[in-house]
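Trainee: Residue numbers (this note's numbering): 379 to 550.
Even glycine gets a Cβ: it sits at the ideal position worked out from N, Cα and C.
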Amino acid sequence: ALDADGKNVKALQGLSVICDREQQYAQAIEYLKKAQGIEPGNAITNFNLAVMYERSGDLALAIPAYQKVIEVDNNHFDAFFYVGLALMKAGKIEEAAASLVRAATLRPDAAEVHRALGVLYEESGDLDKSELALKKAVSLNAADMSSRINLGVILIKKQQPEQAVQSLRQAV
Numbered sequence: 379a380l381d382a383d384g385k386n387v388k389a390l391q392g393l394s395v396i397c398d399r400e401q402q403y404a405q406a407i408e409y410l411k412k413a414q415g416i417e418p419g420n421a422i423t424n425f426n427l428a429v430m431y432e433r434s435g436d437l438a439l440a441i442p443a444y445q446k447v448i449e450v451d452n453n454h455f456d457a458f459f460y461v462g463l464a465l466m467k468a469g470k471i472e473e474a475a476a477s478l479v480r481a482a483t484l485r486p487d488a489a490e491v492h493r494a495l496g497v498l499y500e501e502s503g504d505l506d507k508s509e510l511a512l513k514k515a516v517s518l519n520a521a522d523m524s525s526r527i528n529l530g531v532i533l534i535k536k537q538q539p540e541q542a543v544q545s546l547r548q549a550v
């Protein structure tokens, strides 16, 4: 339970989760800032604060908040993955690639990271890297329809219609 002067970090984190579920991001951010003031190096608080900034549409605050988590924990998979996605949204492709590659190094079995890399490489015009990343995503999660569809699109762009049809057939 939250004590009288609001210094219970776990309670503040819990209240932020409730606010998140109700899409009350500003209130969630307030609770997390209070928790951050109590324990500045708390990875859970800092990560959740970054997520709330992003959900509220503020990439300018979300990106450095994710990066703060990484400063504290250089092996925080979710922080690398989420900051990579946020950097993609912000159009910072090279920085996004570095973060997503680090996430893939931390969890090579995470299909979602390879799918994100595939999309990023496509956006940067590197269809060969995109194809490799998407094939890796499909190999890790055969049921991932988004990766299969994205792979089909890449194969069409690479003038490989037979392989594209095969990938797309498996997606439906």
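Touching or not, the segment 411-422 and the segment 432-445, by the rule of three or more beta carbon pairs under 8 Å?
Mentor: Judged by Cβ distances under 8 Å, the segment 411-422 makes no contact with the segment 432-445, as fewer than three pairs qualify.
Trainee: Could you pull out every unbroken alpha helix (DSSP H) segment of at least 4 residues lying fully inside the segment 454-510, listed in chain order?
Mentor: Qualifying alpha helix (DSSP H) stretches, in chain order: 455-467, 471-484, 489-501.
Trainee: With a threshold of 7 Å on Cβ separation, who are the neighbours of Ile471 within its own chain once the five nearest residues in sequence on each side are excluded?
Mentor: For this step, residue 471 is matched to residue 93 along the sequence shown. Counting only Cβ-Cβ distances below 7 Å, and skipping sequence neighbours, we find Leu498, Glu501, Ser502.
Trainee: So Val491 and Ala481 are supposed to be a Cβ contact under 8 Å. How far apart are they, rounded?
Mentor: Position 113 of the sequence shown, counted from the first residue, corresponds to residue 491. Position 103 of the sequence shown, counted from the first residue, corresponds to residue 481. Indeed, because the Cβ distance is near 5 Å, the residues count as touching under 8 Å.
Trainee: With a threshold of 6 Å on Cβ separation, who are the neighbours of Leu393 within its own chain once the five nearest residues in sequence on each side are excluded?
Mentor: Mapped onto the sequence shown, residue 393 falls at position 15. Around Leu393: Tyr409.
Trainee: When the distance is taken between beta carbons, is Leu510 closer than 7 Å to Ser525?
Mentor: The count along the sequence shown starts at 1 and reaches residue 525 at position 147. The count along the sequence shown starts at 1 and reaches residue 510 at position 132. Their beta carbons are not under 7 Å apart, which means Ser525 does not touch Leu510 by this criterion.
Trainee: Who are the Cβ neighbours of Ala421 in its own chain at under 7 Å, not counting the five residues just before and after it?
Mentor: In the sequence shown, residue 421 corresponds to position 43, counting from 1. If we look at Ala421 and ignore the five residues flanking it on each side, its Cβ neighbours are Val447, Val450, Asp451, His454.
Trainee: Measuring straight from C-alpha to C-alpha, what distance separates Gly530 and Gln445?
Mentor: What you label residue 530 is simply residue 152 of the sequence shown in a count that begins at 1. What you label residue 445 is simply residue 67 of the sequence shown in a count that begins at 1. Near 34 Å, if we compare the C-alpha coordinates of Gln445 and Gly530.
Trainee: For Ala457, is the classification buried or exposed, using 16 other Cβ atoms within 10 angstroms of its Cβ as the cut-off for buried?
Mentor: Counted from its first residue, the sequence shown places residue 457 at position 79. Counting Cβ neighbours within 10 Å, Ala457 comes out buried, since at least 16 surround it.
Trainee: Pro539 by DSSP, collapsed to three states: which one?
Mentor: Within the sequence shown, residue 539 is the residue found at index 161, counting from 1. Pro539 falls in the helix class under three-state DSSP.
Trainee: Taking the C-alpha atoms as reference points, what is the distance between Lys535 and Leu505?
Mentor: Walking along the sequence shown from the start, residue 535 turns up at place 157. Walking along the sequence shown from the start, residue 505 turns up at place 127. Each residue's alpha carbon lies about 8 Å from the other.
Trainee: Just verifying my parser: in three-state terms, what is the DSSP assignment at Asn452?
Mentor: Your numbering for residue 452 matches position 74 in the sequence shown. Coil.
Trainee: For Ala443, is the classification buried or exposed, using 16 other Cβ atoms within 10 angstroms of its Cβ as the cut-off for buried?
Mentor: Residue 443 sits at position 65 when you count from the first residue of the sequence shown. Answer is buried; the Cβ neighbour count reaches 16.
Trainee: Figure out for me which residue from Met466, Gln405, Val387 has the closest Cα to the Cα of Thr423.
Mentor: Here residue 423 corresponds to residue number 45 of the sequence shown, with the count starting at 1. Cα-wise, what sits closest to Thr423 is Val387.
Trainee: Give the straight-line distance between the Cα atoms of Ile396 and Ala406, rounded to the nearest whole angstrom.
Mentor: Taking the sequence shown and counting its residues from 1, one reaches residue 396 at position 18. Taking the sequence shown and counting its residues from 1, one reaches residue 406 at position 28. Approximately 8 Å, taken between the alpha carbons.
Trainee: Drop a sphere of 10 angstroms on the beta-carbon of Ser517, count the other beta-carbons inside from all chains shown, and report buried for 16 or more, exposed for fewer.
Mentor: Residue numbering aside, residue 517 sits at position 139 when the sequence shown is read from its first letter. That one is exposed.
Trainee: Please report the straight-line C-alpha distance between Asp487 and Ala404, rounded to a whole angstrom.
Mentor: For the purposes of this step, residue 487 is identified with residue 109 of the sequence shown, where counting begins at 1. For the purposes of this step, residue 404 is identified with residue 26 of the sequence shown, where counting begins at 1. Taking the straight line joining both Cα atoms gives about 34 Å.
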